[in-house]
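Enquirer:
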Amino acid sequence: MGASSEGAPILARMPRRSLLAWLGGAKESLARDIEVARERDPAARSTAEVLLCYPGLHAVWLHRGAHRLWNRGLRLPARLVSQFSRSFTGIEIHPGATIGPGFFIDHGMGVVIGETTEIGEDVTLYQGVTLGGTGKETGKRHPTVQDGVTVGTGANVLGPVVLGEGAKVGAGSIVVKDVPPYSTVVGNPGRPVIVDGQKVRDVHHPDMQHTRLPDPVAEAMACLVRRVTELEQDLADLRAGRTPAPRIPASDEDCLPTAQEEISSILGLNPGAGI
Ligand SMILES: CC(C)(COP(=O)(O)OP(=O)(O)OC[C@H]1O[C@@H](n2cnc3c(N)ncnc32)[C@H](O)[C@@H]1OP(=O)(O)O)[C@@H](O)C(=O)NCCC(=O)NCCS
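Set out below in C-alpha cells:
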C-alpha cells in the first residue's frame, strides 16, 4: 500500500463515479427541501429567502451530517454538530434520529427530537414540538412518525408511540398513545376529533351509547356527577337515620375504585399523576 493513498484527502479517495452520484443525490435532496418549504409555508416568497431564512432547513441539513457521523460511530463529533445546530437554529435533533425525505420544520424554535425517533416521508412539524421519551423507557423510547404526518405548534408526543400515516396532531396537544392513520387528535390527553378523514361528531357532547369514540373529559365530568349524586343519596339516608345501601363491586375480588382512580382511568392518567 503506497503512502499516496494513505494520506489522500477523503474526496480524492472516493471513486469518481460515486462522488458524482453523491453530489447528484445531495443536489436533488436540497432541491426537494426548498420545494417543500415553499409548498408548505405560504410566507416563503423566493428560493433565496428559503435558503437564507429558514432555520428548519438549516437544522435538517446539519442533522444529515451529524447522522452520518453518528452511524460511522463518531458519536462525540455527531453530538457536537447537533449542539452547534441547536445554538444556531433553536432546534435540537439528536444525531441518532432517523429522518426521511421531504421533512419540514416551520419556524422551528424549541423543537426537540429524541434519539430513537423515526420520521417517515413528507412530515411537517411546527415550532415548540417535542418528539420525546417519557423518562421511563430504555431502548426505543421516542415516537415513530409515519409518512405525511403534521404536528402542530407546541404539541408533545411522548414515548414509543406511532403517529399513523397522514395523522394530524393539534397545536398544544399531549399525545402518549398511538394515533391511527388519517386521524386528528387534539387536547390533553390527545383525543381523536377526526378518524379516517371523518369528523367525530359531537366531540364535546359524548354519545352515551358509546357507538362513537368517547370524549374522556366529558366522561370524567359524568363520572363526577354520578359520584356526587351517590354521596347526596348517602347523606340523605344518614340524616334520615337510615343505613346507606352498600355499593357492590363487579366481582368478589374487585374493590370499588376511588373517585380519583376512576377518573384517572377515564382520562388515561398514570396512577399517582394526580388530576
Ligand atoms: C388539529 C388541526 C390540524 C385540526 O384541523 P382540521 O382538520 O381542519 O379540524 P377542525 O378545525 O375541523 O377541528 C376539529 C375539532 O377540533 C377542535 N380543535 C382543532 N384544533 C384544536 C386544538 N389545537 N386544540 C383543541 N381543539 C382543537 C376544533 O375546535 C373542532 O372542534 P368542533 O368539532 O367541536 O368544532 C388544527 O386545528 C391545528 O391545530 N393545526 C396546527 C396548526 C399550527 O400549529 N400552526 C402553527 C402556525 S405558526
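In our numbering, the protein residues as written are 15 to 289. We put the beta carbon where it would ideally sit given N, CA and C, even for glycine. Note that the coordinates shown come from a computational prediction; the quantities given were computed from them, not determined experimentally.
What separation, rounded to the nearest whole angstrom, lies between the Cα atoms of Ala-185 and His-72?
Expert: On the sequence shown, residue 185 is found 171 positions in, with the first residue counted as 1. On the sequence shown, residue 72 is found 58 positions in, with the first residue counted as 1. The alpha-carbon atoms of Ala-185 and His-72 are separated by roughly 23 Å.
Enquirer: With a threshold of 6 Å on Cβ separation, who are the neighbours of Val-171 within its own chain once the five nearest residues in sequence on each side are excluded?
Expert: As a working note, residue 171 is residue 157 in the sequence shown. So the qualifying residues of the chain are Leu-145, Pro-157 and Val-189.
Enquirer: Report buried or exposed for Leu-239, applying the criterion of at least 16 other Cβ atoms within 10 angstroms of its Cβ.
Expert: Numbered from 1 along the sequence shown, position 225 holds the residue referred to as residue 239. The displayed chain sequence assigns Val, not Leu, to residue 239. Exposed, since its Cβ has fewer than 16 Cβ neighbours within 10 Å.
Enquirer: Can we count Ala-185 as close to ligand 1, meaning its CB is less than 7 Å from some heavy atom?
Expert: In the sequence shown, counting from the first residue as 1, residue 185 sits at position 171. Yes; taking the cut-off as 7 Å, the Cβ of Ala-185 has a heavy atom of ligand 1 nearer than that.
Enquirer: CA-CA distance, Arg-82 and Arg-89?
Expert: Taking the sequence shown and counting its residues from 1, one reaches residue 82 at position 68. Taking the sequence shown and counting its residues from 1, one reaches residue 89 at position 75. Their backbone Cα atoms lie some 10 Å apart in a straight line.
Enquirer: List the whole-angstrom C-beta distance separating Val-163 from Ala-181, where the pair is believed to meet the contact cut-off of C-beta under 8 Å.
Expert: Reading the sequence shown from its first residue, position 149 is the one you call residue 163. Reading the sequence shown from its first residue, position 167 is the one you call residue 181. About 5 Å; that satisfies the 8 Å criterion.
Enquirer: So, with DSSP's three-state summary, where would you put Asn-202?
Expert: The sequence position of residue 202 within the sequence shown is 188, counting from 1. Of the three classes helix, strand and coil, the one that applies to Asn-202 here is coil, per DSSP.
Enquirer: Report buried or exposed for Phe-118, applying the criterion of at least 16 other Cβ atoms within 10 angstroms of its Cβ.
Expert: As a working mapping, residue 118 is identified with position 104 in the sequence shown. Answer is buried; the Cβ neighbour count reaches 16.
Enquirer: Compute the distance between the beta-carbons of Asp-161 and Tyr-140, then report whether it is under 8 Å.
Expert: The count along the sequence shown starts at 1 and reaches residue 161 at position 147. The count along the sequence shown starts at 1 and reaches residue 140 at position 126. Not a contact, by the Cβ cut-off of 8 Å.
Enquirer: Mark Ala-45 as exposed unless 16 or more other C-beta atoms lie within 10 angstroms of its C-beta, in which case mark it buried.
Expert: The residue given as residue 45 occupies position 31 in the sequence shown. It counts as exposed.
Enquirer: If we ignore side chains and look at the alpha-carbon of each, how far apart do His-219 and Val-207 end up?
Expert: Within the sequence shown, residue 219 is the residue found at index 205, counting from 1. Within the sequence shown, residue 207 is the residue found at index 193, counting from 1. Low local confidence applies: a pLDDT of 46 at His-219 is under 50, so the model's placement there is unreliable, and no value is given.
Enquirer: With 16 other CB atoms within 10 Å as the buried threshold, where does Trp-84 fall?
Expert: Along the sequence shown, read from residue 1 onward, the residue named residue 84 stands at position 70. Label assigned to Trp-84: buried.
Enquirer: Helix, strand or coil for Thr-158 per DSSP?
Expert: Your numbering for residue 158 matches position 144 in the sequence shown. It is a strand residue.
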